[in-house]
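Please read the structure below before turning to the comments.
Now the structure itself:
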């Protein structure tokens, strides 16, 4: 409150002036403990603010507090519950950030995504999650998980709020959502993971496509070249090789304080050797260029955000299978809460745009959000 | 010495068992101060070892000490002198690591390269510098400068030593340098920077090419497609956008403790906006794939390591113009000290291989080193 009152006396620094923001606890803050979701770092106080936190403070935002992260932003669940139904997982690993925004604790939050750690929890909690183009939001002061994949993401109640946060962080002018969009060419891709999507997700998309067409969009069902099917294995190889090494220090000295879930994952990940990693990186580089061709005919791609609603129970944070490929392809992706599942929990639609077209993605996402809700 | 004696009692953990290694002070060490070459971090003690330091300790190496880095691994010179002639710069930013190995303080050292910060100082100090393929050596615990470019590099007295350190760090078997190489197809590229190379460099390459051919290599002068000429500007755009953001916290709170050299660089770098950055990343991604075609006809590329010998004076660390493009292309590059300049200081030859072909690069570099010295 002191910070808010002080900011009220100042000229407005940015559209975020005076707004409270939650920060995932994988991101360093100089004035609050940063524990990376691990007992190894219990009470740890960094000597700096992460670059993204410093940028928020410079813009006049107030860091409300740290939000719970899954252990080292991986898989082992932490204590957060889904505010829409506490018996269900909030998703992970940006569990606390998604739950905080969904529950009204803060209008904005920072998360990170290596697989689906922003898109999945925001879909499960019924808020908007934006994973911007790779590396456009700086990662200095974010605990590395897999450096070829880790992306700082933004969580907000709606698309215009996410856009305000994004443009402020990258130093662009605000997005004008009253602007009339030209006819939107939407490519709907079921993805190879479609069989794992639940019935409600299938029904939701079947009903949504004609509604989007009726509202003026040009919808075409697309099938990406076979090389993209391998991007799921490619994501795993890159992630495996890198995470094993990123946690070298913790594995050497604090193995007993690493969860059994993570240890199991690490032991499996150790099987990815240099040659498989290099081949995965080569494949990813090629697919990134091939994706440019896909976007010649489509402004954005529409795909599921997750296999369905937030699963019941807190033993797992759900599956990131619908998100991983886009993280590895370095393109911006957003989830908007436009559907409902059979338990009444939200189901998101994921939209994907070409690398660097984050602004266009936000405009399209807002239009689709308005049409479908 | 205590560590060395203790390791002597143990079974041999790796080829690096008991070997002393110097660590550039941009890389975190839990048992020694890490100051990033900046008064802002005077006396700072990290809570962890960087992943690459932990991996070295696990392999039984001894961290001898921290080596001087230029401020935040950028440009502003620090106190290190060139051990071959103290009136000359050792190069930067891995100044201390290159000088330590050249002076016999340690047989091995870690550096980092964002532009030419491993290849240039090692060329100036007459040692071997290896910048491996991007991200194959983990960067967790390395202070970020430009995350799309920063690469952990290795410094050694000769190629086989560099190879021992490299294969140990990535978990490969040792390289067998007695292996007979098939006829080496070397592409010699003058690069668009050739006019800035000094007379001695020109003479050295003119004499080296026939010697390599006589020793059995197939040498062809090549000219890369015009798109590669733009990679110099592309490197600057990526570096500019990212470094300004990576130092957000320090700029906000400790601007008075940032050198005038760095502040000037930051102010100029701030001109690179999101659109220019995105365009640069797109261009780099395309050139990385185009480079694969260049390597269809050549096992390696041979280019200068620097414009000439280490310049006289300590006001500047010299120019990284001959190294930057390869850092941005993410391919492995090595410098071997095979020539001498007019002041008697070393001049290096830089060799470049396809992404992931670090092992082949080491084999070729050793062969070339033997032929030319």
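Residue numbers (this note's numbering), protein chains in the order written: chain A, 1103 to 1475; chain B, 1103 to 1475. Beta carbons are placed, not taken as given, at the ideal position from N, Cα and C, and that holds for glycine.
{"query": "Where the region 1340-1354 of chain B meets chain A: residues whose CB sits under 7 Å from a CB there", "result": "1344, 1347, 1348, 1350, 1351, 1354"}
{"query": "Neighbour list for residue 1133(A) in chain B, Cβ cutoff strictly below 8 Å", "result": "Per Cβ cutoff of 8 Å: no residues; residue 1133(A) is ~12 Å from chain B at best."}
{"query": "Residue-chain proximity (residue 1375(A), chain B), Cβ-Cβ < 8 Å", "result": "yes"}
{"query": "Interface flag, residue 1238(B) vs chain A, CB-CB below 8 Å", "result": "yes"}
{"query": "Exposure label - residue 1110(A); buried when at least 16 CB within 10 Å", "result": "exposed"}
{"query": "Buried versus exposed, by CB contacts within 10 Å (16 or more), residue 1352(A)", "result": "buried"}
{"query": "Coil, strand or helix - residue 1304(A) by DSSP", "result": "helix"}
{"query": "Neighbour-count burial assignment, residue 1213(A), 16 or more Cβ in a 10 Å radius", "result": "buried"}
{"query": "Pairwise C-alpha distance: residue 1108(A) and residue 1389(A)", "result": "49 Å"}
{"query": "Residue 1469(B) (DSSP reduced to helix, strand or coil)", "result": "helix"}
{"query": "Where residue 1229(A) falls, given that 16 or more other Cβ within 10 Å makes a residue buried", "result": "buried"}
{"query": "Length-filtered (4 minimum) alpha helix (DSSP H) runs lying within the region 1272-1306 of chain B", "result": "none"}
{"query": "Own chain, CB closer than 7 Å to residue 1275(B), minus 5 neighbours either side, in chain order", "result": "1269"}
{"query": "Beta carbon proximity, residue 1413(A) to chain B, threshold 8 Å", "result": "no"}
{"query": "Identity of the residues DSSP links to residue 1439(B) by a beta bridge", "result": "1450(B)"}
{"query": "Cross-chain neighbours of residue 1241(A) in chain B, by beta carbon under 8 Å", "result": "1246, 1249"}
{"query": "Residues bridged to residue 1168(B) [DSSP beta-bridge criterion]", "result": "1125(B)"}
{"query": "Proximity of residue 1455(A) and residue 1433(A) at Cβ, strictly below 8 Å", "result": "yes"}
{"query": "Per DSSP, cross-strand counterpart(s) of residue 1257(A)", "result": "1211(A), 1231(A)"}
{"query": "Rounded C-alpha distance that separates residue 1409(B) from residue 1225(B)", "result": "10 Å"}
{"query": "Residue-chain proximity (residue 1426(A), chain B), Cβ-Cβ < 8 Å", "result": "no"}
{"query": "For residue 1122(A) and residue 1354(B), the rounded distance between their alpha carbons", "result": "20 Å"}
{"query": "Residues, ordered as in the chain, of the region 1137-1156 of chain A that lie near chain B by beta-carbon distance below 7 Å", "result": "1146, 1149, 1150, 1151, 1153, 1156"}
{"query": "Boundaries of the alpha helix (DSSP H) in which residue 1364(B) is found, first to last residue", "result": "1362-1371"}
{"query": "Given 8 Å, three or more beta-carbon pairs between the region 1144-1152 of chain B and the region 1298-1306 of chain B", "result": "no"}
{"query": "Within 8 Å, strictly: CB atoms of residue 1191(A) and residue 1125(A)", "result": "no"}
{"query": "C-beta atoms of residue 1288(A) and residue 1242(A) nearer than 8 Å", "result": "no"}
{"query": "Status (buried if at least 16 other CB within 10 Å, exposed otherwise) for residue 1460(A)", "result": "buried"}
{"query": "Counterpart residues of residue 1406(B) in DSSP-defined beta bridges", "result": "1451(B)"}
{"query": "8 Å contact criterion, which residue 1138(B) and residue 1174(B) should meet: CB distance rounded", "result": "6 Å"}
{"query": "Per-residue DSSP class, three states only, for residue 1198(B)", "result": "helix"}
{"query": "Chain B contact residues for residue 1380(A), given Cβ-Cβ distances below 8 Å", "result": "1235, 1238, 1457, 1458"}
{"query": "Inter-stretch contact (C-beta, 8 Å, three-pair minimum) for the region 1191-1200 of chain A and the region 1245-1260 of chain A", "result": "yes"}
{"query": "Limits of the alpha helix (DSSP H) - the one that residue 1321(B) falls within", "result": "Not the alpha helix (DSSP H): residue 1321(B) falls in the beta strand (DSSP E), residues 1320-1324."}
{"query": "Contacts around residue 1489(A), its chain only, beta-carbon distance under 7 Å, and the 5 residues preceding and following it disregarded", "result": "Within the shown structure, residues of chain A are numbered from 1103 to 1475, placing residue 1489(A) beyond reach of any answer."}
{"query": "7 Å Cβ cut-off: residues of chain A touching residue 1272(B)", "result": "1376"}
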